[in-house]
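In the working numbering, the protein residues as written are 542 to 767. No residue lacks a Cβ here, since even glycine has one placed at the ideal position from N, Cα and C.
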């Protein structure tokens, strides 16, 4: 096997499940004599830096992510050469919208098998949002208002960590969303469509731009720019 894989692992995903899953996967990689490099994230934002360091040489790379949608987002934003990168994903987050949207294997070992022995490689669009000169990519969705507020609050609160321990991580979004529904007030927004037409919405809680069918805050691969 001449392909080499770079694994970016979030060891704290789903309250430590990331490290346990990686240990099982590493055993399989060694058993099959698969060439690989392992990169463990240490803090928020580290996955993006690792992806940047791996891909900044301009060569072709196969990145395999062990984590949740947050880790996926960091890596997509860190990749230097999208068209030179093949992206594999082993979902171990609480929502896994990226995996659901692309109908990827949910079982870690089955996902690994699909990555090592792919029947096909698909192309995925990568969106980009710009604000005040700053740009950020997204592969699942992006939004503003209520849904963005829920996602941010879940990330900085202890709800998700506590609920993950009992297998109810998804419930953290519902808990935070109900609280924000009580606090947030609708606002007027204007959306300009690609053909120049404007749509005005008088009472709006949020606007979401979907690249895939699922999004956490709505309660719920070669890469290229859209």
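Ordered along the chain, which non-local residues of its own chain (more than five positions away) have a Cβ less than 8 Å from that of residue i?
| i | result |
| --- | --- |
| residue 759 | Confidence is the limiting factor: at residue 759 the pLDDT is only 42, short of 50, which leaves the residue's position unreliable and the question unanswerable from this model. |
| residue 765 | Annotation note: pLDDT 48 at residue 765 (below 50); position unreliable, coordinate value reported separately. Same-chain partners within the cutoff: 623, 624, 664, 665, 666 and 667. |
| residue 729 | 741, 742, 743, 744 and 745 |
| residue 739 | 731, 732 and 733 |
| residue 609 | 551, 554, 555, 632, 633, 634, 635, 636 and 637 |
| residue 534 | Shown here, the chain extends from 542 to 767; a query on residue 534 therefore has no answer. |
| residue 593 | 619, 620 and 621 |
| residue 645 | 630, 632, 639, 652 and 655 |
| residue 597 | 621 |
Compare the beta carbon distance of residue i and residue j with 7 Å and say whether it is the shorter of the two.
| i | j | result |
| --- | --- | --- |
| residue 616 | residue 588 | yes |
| residue 770 | residue 626 | As displayed, the chain neither begins before 542 nor continues past 767, which places residue 770 out of reach and without an answer. |
| residue 558 | residue 633 | yes |
| residue 676 | residue 618 | no |
| residue 550 | residue 591 | no |
| residue 642 | residue 753 | yes |
| residue 751 | residue 682 | yes |
| residue 572 | residue 548 | no |
With a cut-off of 8 Å on the beta carbons, I'd call residue i and residue j a contact; round off their distance for me.
| i | j | result |
| --- | --- | --- |
| residue 638 | residue 755 | 4 Å |
Near residue i, which residues of its chain fall below 6 Å by C-beta distance, leaving aside the five closest residues on each side in sequence?
| i | result |
| --- | --- |
| residue 694 | 717 |
| residue 546 | 577, 603 and 605 |
| residue 720 | none |
| residue 582 | 551 and 588 |
| residue 747 | 684, 686, 687 and 688 |
Taking 7 Å as the limit between beta carbons, can you name the residues of its chain near residue i, skipping five residues before and five after?
| i | result |
| --- | --- |
| residue 653 | 566, 569 and 631 |
| residue 691 | 714, 717, 718, 721 and 758 |
| residue 726 | none |
| residue 560 | 552 |
Under 6 Å: does the beta carbon of residue i sit that close to some heavy atom of the ligand COA?
| i | result |
| --- | --- |
| residue 602 | Because no ligand of any kind appears in the structure shown, any question about the ligand COA cannot be addressed here. |
Notebook entry, point to check: At what residue ranges does the region 566-642 contain a whole run of the alpha helix (DSSP H), taking only runs of 4 or more?
Noted result: 587-596, 610-619 and 638-642
Checklist line | 3-residue-minimum beta strand (DSSP E) runs that sit fully inside the region 667-753, ordered along the chain | finding: 675-679, 682-686, 728-733, 739-745 and 747-751
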